[in-house]
Amino acid sequence: MKRTLPFLAAALLGCGTHPQAASQEPTVSKVVTLNAAAFPALKAQGKPVLIDFWAPWCGPCRTQGPIVEQVAEQLGDRAVVAKLNVDDERSLAAQFGVQAIPTLVVLKDGNLVQRFVGVQSAEVLKNALESAK
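Okay, here's the thing in structure tokens:
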């Protein structure tokens, strides 16, 4: 018993918080959540815009989501990346003629430049945004 107490005490002391874990900052998404009220301001930014039309129940949309996040992170302030939940914003999705999801559109000055249906790679999306400049 005397031998197990020091071992147990050392094990319990080692279970504290790790300094590295405490210093990690939570990641903040660079993807804008879009709704009909915010859409006019989004068009007026003068940057290329990528809109990901998605729904939470859509399997391919869940695959596309992290790719869209990656594109937003890589392009930073050179483009605006937004997600629009088609269940919440049916009229705006209809305005863009969305019939299947995920649908991704690239806009420049509010005008449609390119449309993709289905899961797209980060490279395809970055190229579309960079060519829309």
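Per mature numbering (1 follows the signal peptide of the UniProt record, and there is no 0): the sequence shown = residues -21 to -1, 1 to 112.
The beta-carbon is built from N, C-alpha and C at its ideal position, and this holds for glycine as well.
| Query | Result |
| --- | --- |
| Where the alpha helix (DSSP H) containing Ala34 begins and where it ends | No alpha helix (DSSP H) contains Ala34, which DSSP labels as neither H nor E. |
| For Leu104, the three-state DSSP class (helix, strand or coil) | helix |
| Per-residue burial, Leu86 [other beta carbons within 10 Å of its own, 16 or more giving buried] | buried |
| Nearest residue (CA-CA) to Gln24, options Asn106, Arg41, Glu52 and Ala61 | Ala61 |
| Among Val10, Val11, Asn14 and Leu21, nearest to Asn90 - alpha-carbon criterion | Leu21 |
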